[in-house]
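Asks: Position 51 (the sequence shown) corresponds to 51 in full-length UniProt numbering; numbering is contiguous. Yeah, the Cβ is synthetic: ideal placement off N, Cα and C, and Gly gets one too. Pasting in a structure now, in structure tokens, and then I'll have a few things to ask.
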Amino acid sequence: MKSAPFHNDLALGPYGGGAFWTHTDDGVRIRVGHWGTENAHQGTVLLFPGRTEYIEKYGLTAVSFAARGYAVASVDWRGQGLADRLIDDRLKGHVEKFSDYQRDVRAFLKAVEDLNLPKPYYLIGHSMGGCIGLRALMNGLDVKAAAFSAPMWGIELATHLRPLAWVISSLLKPTPLRTMLAPGTSAEPVVTANSFDENKLTRDPEMYAYMRSHLAGIPEIALGGPTLAWLNEALREMRTLSKMPSPAVPTICGLGDVEKIVDPSRIHHRMANWPNGKLIEYAEGEHEVLMEVEATRTAFLAACADHFDANR
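Following this line, the structure appears as structure tokens:
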């Protein structure tokens with residue numbers, strides 16, 4: 001694998017990380033990154049990021065896991081970060097088929113193995129990464145345990161907008177208009193479009209500034225709203241997954257009680273019926289549980305590490 005750009009000066013991750021290019025089986029170039037391998041006697045956390053995200057966002061998360069003896073590996077999914085964008089307009093989040101993300105998962109896992117990152121493996125999936133991660137677990141992803149942060153098992157939509165989202169995205173998906181932005185979204189990244197006081201991601205101003213610093217320092221990672229095709233594919237994937245039983249993988253899930261991005265009811269329902277599953281709710285927490293105020297953030301990171309320690 002060839003070296004890829006890696007902005008650890010902005011990520012503030014552990015010393016000694018790196019990033020590499022790899023290709024999926026359909027020829028898309030994605031980026032894989034890792035941290036904390038020197039003292040990783042506990043294994044490797046496979047961190048599946050959310051929509052619009054990128055490896056550097058999780059540098060501080062990697063610091064916490066490195067202190068507990070875990071390496072962290074993450075990935076830029078197709079269409080975001082520094083991975084290949086799929087349409088000419090780089091600011092639109094697009095995918096042709098949601099199942100294509102599983103191609104990225106397979107390429108990511110092969111890269112992790114080629115890099116000889118320590119086993120066993122553990123999964124953390126945030127937001128869209130929680131949807132991709134759930135499907136990967138159902139497909140037999142070889143991890144000892146899993147943790148989810150505000151997983152996208154449903155999207156928070158007003159009741160009257162839900163059927164409209166289905167109808168519009170379904171009708172236009174077979175047409176060139178499928179690359180239009182989904183209604184109510186913008187081409188501008190949410191962390192630059194919204195002030196801290198307007199944001200729905202975190203109550204921590206320093207963590208919000210941390211995310212903003214990445215876009216200022218690496219402007220090519222910027223990504224705005226999703227296309228109609230992405231929306232339709234996501235809705236279909238979430239509906240399909242909702243009808244499937246949870247895998248028998250020990251799992252915890254962190255959720256803020258003022259979540260406004262994903263649908264909390266879907267999370268409550270699945271975790272209530274997950275064998276060896278536990279939902280942990282955080283008072284006044286918003287979407288970014290891993291980037292919430294320090295008390296919430298450190299509590300969830302400790303819960304993840306304790307959970308992984310207990311499942312070796």
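Given a cut-off of 9 Å on the beta-carbon distance, is the pair Ala150 and Gly133 in contact?
Replies: no
Asks: CB-CB under 7 Å to Met1, same chain, minus the five flanking residues each way: which ones, in chain order?
Replies: Phe20, Trp21, Thr22, Ala111, Asp114
Asks: Give the secondary structure of Lys278 by DSSP, where H, G and I count as helix, E and B as strand, and everything else as coil.
Replies: strand
Asks: Let me know the secondary structure DSSP gives Pro183 once reduced to three states.
Replies: coil
Asks: What are the start and end residues of the alpha helix (DSSP H) that includes Trp166?
Replies: Segment 162–172, the alpha helix (DSSP H) holding Trp166.
Asks: For Ser195, is the classification buried or exposed, using 16 other Cβ atoms within 10 angstroms of its Cβ as the cut-off for buried?
Replies: exposed
Asks: Can you confirm whether Asp114, when its beta carbon is compared against all beta carbons of chain B, has any partner nearer than 9 Å?
Replies: Absent from the structure: chain B. Only one protein chain is present.
Asks: Between which two residues does the beta strand (DSSP E) carrying Arg31 extend?
Replies: Here the beta strand (DSSP E) through Arg31 covers 29–35.
Asks: Would you give the residue range spanned by the beta strand (DSSP E) that Ala73 belongs to?
Replies: 70–76
Asks: Determine the direct distance from the alpha carbon of Glu294 to that of Asp100, and round the result to whole angstroms.
Replies: One C-alpha to the other measures close to 35 Å.
Asks: Given that a residue counts as buried once 16 or more other Cβ atoms are within 10 Å of its Cβ, and exposed if not, what is His214?
Replies: Burial call: buried.
Asks: List the endpoints of the continuous beta strand (DSSP E) containing Val45.
Replies: 43–48
Asks: DSSP on Val262, reduced to helix/strand/coil?
Replies: strand
Asks: Check whether the Cβ atoms of Ser265 and Gly154 sit closer than 9 Å, and answer yes or no.
Replies: Between Ser265 and Gly154, the CB-CB gap stays under 9 Å.
Asks: Only counting the same chain, and skipping five residues up and downstream in sequence, which positions put a Cβ closer than 8 Å to that of Lys260?
Replies: Glu156, Lys200, Glu286, His287
Asks: In or out: Glu237 buried (at least 16 other Cβ within 10 Å) or exposed?
Replies: buried
Asks: Of the residues Ala165, Ala216, Lys243, which one's Cα is nearest the Cα of residue 323?
Replies: What is shown of the chain runs 1 to 312, which leaves residue 323 out entirely.
Asks: Given a threshold of 16 other Cβ atoms within 10 Å of its Cβ, counted over all protein chains shown, does Phe243 qualify as buried or as exposed?
Replies: First, the residue type needs correcting, since residue 243 is Lys and not Phe in the sequence shown. So Lys243 ends up on the exposed side.
Asks: Assuming Ile221 and Ile252 form a contact by the criterion Cβ under 8 Å, report the distance between their Cβ atoms to the nearest whole angstrom.
Replies: Contact flag wrong, Cβ pair sits at about 29 Å.
Asks: Is it right to say Thr44 is buried, meaning 16 or more other beta carbons lie within 10 angstroms of its own, or is it exposed?
Replies: buried
Asks: Between Ala229, Glu233, Ala283, which has its C-alpha nearest Leu255's C-alpha?
Replies: Comparing Cα positions, the closest option is Ala283.
Asks: Out of curiosity, what's the CA-to-CA distance linking Val72 and Leu181?
Replies: 33 Å
Asks: Could you check which residue in Asn273, Thr52, Ala193, Arg106 has the C-alpha nearest to that of Pro226?
Replies: Thr52
Asks: I'd like the list of long-range same chain contacts for Phe6, defined as Cβ closer than 7 Å, with 5 residues on each side in sequence excluded.
Replies: Gly17, Gly18, Ala19, Gly33
Asks: Leaving out five residues before and five after Trp166 in sequence, what residues of the same chain have Cβ atoms less than 7 Å from its Cβ?
Replies: Leu235
Asks: Compute the Euclidean distance between the alpha carbons of Asp142 and Thr179, then round it to the nearest angstrom.
Replies: 34 Å
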